[in-house]
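Novice: Heads up, the sequence shown is in our numbering, so the first residue is 24 and it goes up one at a time.
Here it is, the structure in full.
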Amino acid sequence: MIVDRPPTGVNGSAGGQTASSSGAAGPLSMEPDAMRALGYAAVDALVKRWTTLRDADPWVGADRATLDAEPLLSDDAPEAPEGADAVLAAALGTVLPVAARVDHPRFMAYIPSAPTWPSVVADLLVSGFNVFQGTWQGSAGPSRVELQVLEWFRGWLGMPEGSSGLFTSGGSAANALAVVAARARADSGADFRPSIYLSDQGHSSLERAARIAGIPAEGVRVLPSDAGLRLRARVVHEAIEADRAAGWTPIMVAANGGATSTGIVDPLAELATCCEALGVHFHVDAAYGGFAVLDPRGAALLEGIGRADSVTLDPHKWLFQPFECGCLLVRDPALLTEVFRVSPEYLQDTALGAPQVNFGERGVQLTRSFRALKVWMSVRSFGLGAFRDAVSAGITLGTWAEARIRRSDVLEVVTPAALGIVTWRARVEGDGEGDGASVALHRRIQAELTGSGTAFLSSTRLGGVHALRLCLLNPAATVDDVEAVVSAAEGVVRTARGDA
Ligand SMILES: *Cc1c(COP(=O)(O)O)cnc(C)c1O
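Below you can see the structure in the form of structure tokens.
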């Protein structure tokens with residue numbers, strides 16, 4: 024049993040310091056009753072927002088000029104206090120509502136994020152306990168929990184024992200760490216010309232990661248996906264052999280564990296075999312779809328993910344966590360410490376030996392938050408079974424949406440349901456309608472659905488075709504929601520045809 028002992032040692036029992044270090048003193052302190060009142064008011068406002076979410080529009084925005092005209096948003100910091108109640112009211116009334124409600128059941132654009140309440144409360148606790156998760160010395164209990172949640176993820180993905188990593192701000196940060204680390208390990212000194220391989224469906228953050236890692240633009244090989252938008256091993260193999268012959272050093276193949284546009288998963292087992300044969304680091308960017316392993320259909324699509332050298336995950340997408348919550352898992356955690364560990368003198372007291380992991384040595388953040396707590400608390404609160412059901416619901420709803428669009432006489436499917444995403448468009452009749460007319464019609468569908476508060480949708484381009492997307496990760500979204508969105512879109516298309 025671990026006992027919560029008062030600090031001992033230097034200054035531990037010196038009485039002189041206690042008043043100034045107590046929470047109830049100093050110019051920035053609050054009385055306990057005022058702390059409670061502010062906290063309770065904030066929680067009440069949150070619960071109200073959550074329980075009335077369906078009545079709100081999925082998207083609210085404003086242009087810069089409108090917001091510049093709002094005095095509250097452009098005045099100087101006040102020298103005198105305004106009072107915590109008034110400031111809370113201002114944040115709740117003027118700031119926070121002017122934003123997308125990414126957790127609204129009809130927010131089907133980009134990637135919805137519908138956090139659980141225990142995760143939100145965990146974030147509040149982490150802030151309040153002000154956990155410093157850069158060193159084990161600074162946060163032993165929290166660091167143990169981060170190790171444990173990473174271990175859960177490792178098991179879910181089927182990566183070998185010993186694989187671990189760290190929580191990050193998101194998938195972009197995880198991809199950047201992976202590319203920087205792979206580049207550093209492969210660096211052969213003079214004449215080193217690193218190259219990286221991804222598909223034309225790969226996420227834009229990989230291109231940015233390559234820039235951060237100092238990979239020249241000519242070394243970023245964007246390879247064509249096949250007719251099903253999947254990156255095939257043969258294409259990778261040929262590109263790598265050709266580049267090696269030309270003096271490049273291939274440092275990484277980055278596959279999609281669910282492409283952001285379509286949800287489509289690359290053939291991971293095939294690519295793993297290819298990378299093993301070529302001796303190239305195999306990275307799976309599973310920020311979008313990785314947690315679909317919790318569903319048998321998702322697990323089948325993601326088969327082979329456990330063979331990756333590194334995997335990017337985004338618990339703030341399909342594991343129902345509030346922003347920010349990303350993750351990088353690597354087969355060999357020494358890869359991260361080799362590249363990112365630095366040992367300044369002022370941190371010499373934090374070297375406690377290998378089993379005590381200093382997470383600040385696995386990435387670029389020294390001061391870092393305790394992001395794992397929200398996953399730990401929410402999964403334990405509901406049980407993993409409930410999370411499996413929530414992931415499954417999105418996959419099932421995507422399949423339903425695809426079937427519904429196939430039954431439409433004015434809409435058509437562009438890419439079939441894959442991990443909760445369907446892309447679709449209005450049927451284009453005859454040769455009369457060029458791309459411009461099609462884009463305008465789809466923009467009109469988006470604008471009318473947004474304007475009426477029906478839904479918020481985003482678009483993409485696939486093989487030169489403009490398409491709309493439904494991304495259905497929110498377990499609160501229902502068949503009725505999809506039906507409402509699809510029939511509203513059909514109405515817009517019919518009206519537009521009538522107008523023409
Ligand atoms: C969302 C996403 C990212 C970027 O993750 P952030 O959390 O937004 O930084 C990277 N790759 C894929 C496939 C994604 O879907």
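C-beta: ideal position from N, C-alpha, C; glycine also.
Identify every residue that forms a DSSP beta bridge with Thr-350.
Specialist: Note that residue 350 corresponds to Cys in the displayed sequence, not to Thr. Phe-190 and Leu-336, per the DSSP bridge assignment.
Novice: Can you check whether the C-beta of Arg-177 is within less than 9 Å of a C-beta belonging to chain B?
Specialist: Going by chain labels, chain B is absent from the structure shown, which holds only one protein chain.
Novice: Is any heavy atom of ligand 1 found at a distance shorter than 8 Å from the C-beta of Ile-238?
Specialist: No; taking the cut-off as 8 Å, the Cβ of Ile-238 has no heavy atom of ligand 1 nearer than that.
Novice: Look at Phe-343 and Pro-498 and say whether their C-beta atoms are less than 9 Å apart.
Specialist: For Phe-343 and Pro-498, yes; Cβs fall inside 9 Å.
Novice: Can you tell which of Arg-484, Leu-291 and Thr-446 has its C-alpha closest to the C-alpha of Val-462?
Specialist: If we check each option's Cα against that of Val-462, Arg-484 comes out closest.
Novice: Taking 9 Å as the threshold (C-beta atoms), are Leu-420 and Val-508 in contact?
Specialist: It is not a contact, given that the beta carbons lie outside the stated cut-off.
Novice: How long is the line joining the alpha carbons of Val-353 and Ala-500, rounded to whole angstroms?
Specialist: Val-353 and Ala-500: Cα-Cα distance of roughly 34 Å.
Novice: In the region 250-319, which residue ranges form an unbroken alpha helix (DSSP H) of at least 4 residues, counting only runs that do not cross its ends?
Specialist: Fully enclosed alpha helix (DSSP H) runs of 4 or longer: 256-268 and 291-301.
Novice: Verify whether the separation of the beta carbon atoms of Leu-96 and Val-288 is less than 9 Å.
Specialist: No; because the gap between Cβ atoms is not below 9 Å, this pair is not in contact.
Novice: Classify Trp-447 as helix, strand or coil using the three-state DSSP reduction.
Specialist: It is a strand residue.
Novice: For ligand 1, is there any heavy atom lying closer than 8 Å to the beta carbon of Lys-340?
Specialist: The answer is yes for Lys-340.
Novice: Would you decide whether Met-53 is buried or exposed? Buried here means 16 or more other CB atoms lie within 10 Å of its CB.
Specialist: Per the 10 Å Cβ criterion, exposed.
Novice: Run through DSSP, which three-state label would Glu-435 get?
Specialist: In this structure, Glu-435 counts as strand in the three-state DSSP scheme.
Novice: Would you mind giving the Cβ-Cβ distance between Val-334 and Val-303, rounded to the nearest angstrom? I have them listed as a contact below 8 Å.
Specialist: Actually they are not in contact, since the Cβ atoms of Val-334 and Val-303 sit about 16 Å apart, beyond 8 Å.
Novice: DSSP state of Phe-10, grouped into three classes?
Specialist: With the chain running from 24 to 523 in the structure shown, residue 10 is simply not present.
Novice: Given a cut-off of 9 Å on the beta-carbon distance, is the pair Pro-338 and Cys-348 in contact?
Specialist: Yes, they are a contact pair.
Novice: In chain order, which alpha helix (DSSP H) runs of at least 4 residues are fully inside the region 99-126?
Specialist: Taking only runs of at least 4 residues, the alpha helix (DSSP H) segments lying wholly in the region 99-126 are 107-113.
Novice: What I want to know is whether the C-beta of His-306 ends up closer than 8 Å to one or more non-hydrogen atoms of ligand 1.
Specialist: For ligand 1, not one heavy atom lies less than 8 Å from the Cβ of His-306.
Novice: Whose CA, out of Ala-132, Arg-177, Asn-279 and Gly-406, lies closest to the CA of Ala-470?
Specialist: Taking only the C-alpha atoms, the option nearest Ala-470 is Ala-132.
Novice: Per DSSP, Ala-441 is paired with what?
Specialist: DSSP output for Ala-441 lists Ile-444 as bridge partner(s).
Novice: Quick check: the region 403-412 against the region 182-194, are there 3 or more CB pairs under 8 Å?
Specialist: Result no; under three Cβ-Cβ pairs closer than 8 Å.
Novice: Who are the near neighbours of Ala-42 in its chain, counting only those whose CB is closer than 6 Å to its CB and skipping five residues on each side?
Specialist: Interpretation of Ala-42 is limited by its pLDDT of 40, a score under 50 that renders its predicted location unreliable; no figure is taken from the coordinates.
Novice: Can you tell me whether Val-505 is buried or exposed, with buried defined as 16 or more other CB within 10 angstroms of its CB?
Specialist: Val-505 is buried by the Cβ-count criterion.
Novice: Leaving out five residues on either side along the sequence, give the residues of the same chain with a beta carbon under 7 Å from the beta carbon of Ala-12.
Specialist: The displayed coordinates of the chain run from 24 to 523. Any statement about residue 12 would go beyond what the structure contains.
Novice: If we count the other Cβ atoms within 10 Å of its Cβ and call it buried at 16 or more, is Pro-128 buried or exposed?
Specialist: Buried, by the Cβ-count rule.
Novice: Using CA atoms only, rank isn't needed, just tell me which of Trp-82, Ala-103, Asp-432 and Leu-396 is closest to Gly-151.
Specialist: When only C-alpha atoms are compared, the closest one is Leu-396.
Novice: Decide if Ala-112 is buried, meaning its Cβ has at least 16 other Cβ atoms within 10 Å, or exposed.
Specialist: Exposed, because fewer than 16 other Cβ atoms sit within 10 Å of the Cβ of Ala-112.
Novice: Within 10 angstroms of its Cβ, does Arg-520 collect 16 or more other Cβ (buried), or is it exposed?
Specialist: Arg-520 comes out exposed.
Novice: Whole angstroms is fine: what's the gap from Asp-454's alpha carbon to Met-400's?
Specialist: For Asp-454, the predicted structure reports a pLDDT of 48, less than 50, and the residue's modelled location is therefore unreliable. A value from the coordinates is still provided. Going from the Cα of Asp-454 to the Cα of Met-400 covers about 56 Å.
Novice: Is Ala-196 near ligand 1, judged by its Cβ being under 8 Å from some heavy atom?
Specialist: Yes, ligand 1 has a heavy atom inside 8 Å of this Cβ.
Novice: In terms of alpha-carbon separation, which member of Pro-367, Val-380, Pro-81 and Gln-371 lies closest to Thr-360?
Specialist: For Thr-360, the nearest C-alpha among the options comes from Val-380.
Novice: Any heavy atom of ligand 1 closer than 8 Å to the beta-carbon of Ala-205?
Specialist: It does not: the Cβ of Ala-205 is nowhere closer than 8 Å to a heavy atom of ligand 1.
Novice: Using DSSP with H/G/I as helix, E/B as strand and the rest coil, what is Ala-42?
Specialist: Caution applies to Ala-42, whose pLDDT of 40 falls short of 50 and renders its modelled position unreliable; the value that the coordinates give is listed next. Three-state result, Ala-42: helix.
Novice: Please name the residue in Thr-373, Gly-417, Phe-346 and Phe-382 whose C-alpha comes closest to that of Pro-138.
Specialist: The shortest Cα separation from Pro-138 among Thr-373, Gly-417, Phe-346 and Phe-382 belongs to Phe-346.
Novice: Near Phe-479, what residues of its chain come up, given a Cβ to Cβ distance below 6 Å and the 5 sequence neighbours on each side ignored?
Specialist: Counting only Cβ-Cβ distances below 6 Å, and skipping sequence neighbours, we find Pro-81, Trp-82, Phe-130, Ala-132 and Thr-473.
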